[in-house]
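Asker: The structure under discussion is supplied below as structure tokens; questions concerning it will follow.
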């Protein structure tokens with residue numbers, strides 16, 4: 067018997083498609099606005115990631131060994147999450 071492999075985050079993908087269809091059904095004129103806003107937020111996430119890589123090239127989260135330098139690894143991951151979240155929030159509030 068073969069095991070069915072479901073891609074990661076497929077539940078979120080289905081929920082997004084359902085919500086997008088609901089927006090299209092309720093107000094079809096808003097679909098370009100939704101696409102525009104989603105593209106800006108996605109672009110800001112990529113921008114935040116690359117900004118973190120550019121500002122801290124010596125302290126990337128994957129450069130630390132999690133079992134030897136767990137505190138440094140955790141700090142680098144939290145730093146990256148804060149930078150990406152701040153840029154996403156700034157772009158989203160500017161919309």
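Residue numbers (my numbering): 67 to 161.
C-beta atoms are modelled at their ideal positions from N, C-alpha and C, and glycine is treated no differently.
Taking buried to mean at least 16 other C-beta atoms within 10 Å of its own C-beta, is residue 71 buried or exposed?
Answerer: Here residue 71 corresponds to residue number 5 of the chain shown, with the count starting at 1. Result: exposed.
Asker: Taking residue 114 and residue 154 to be in contact with their CB atoms under 8 Å, please state how far apart those CB atoms are, rounded to whole angstroms.
Answerer: As a position in the chain shown, residue 114 is number 48, starting the count at 1. As a position in the chain shown, residue 154 is number 88, starting the count at 1. Correct: roughly 6 Å between the Cβ atoms.
Asker: How far does the alpha helix (DSSP H) with residue 162 in it reach, from first residue to last?
Answerer: The structure shown does not extend to residue 162, since the chain is modelled only from 67 to 161, so the question has no answer here.
Asker: If you follow the alpha helix (DSSP H) that residue 82 is part of, which residue opens it and which one closes it?
Answerer: Sequence index remark: in the chain shown, residue 82 carries index 16 (1-based). Looking at the DSSP string, the run of the alpha helix (DSSP H) that includes residue 82 is 76-92.
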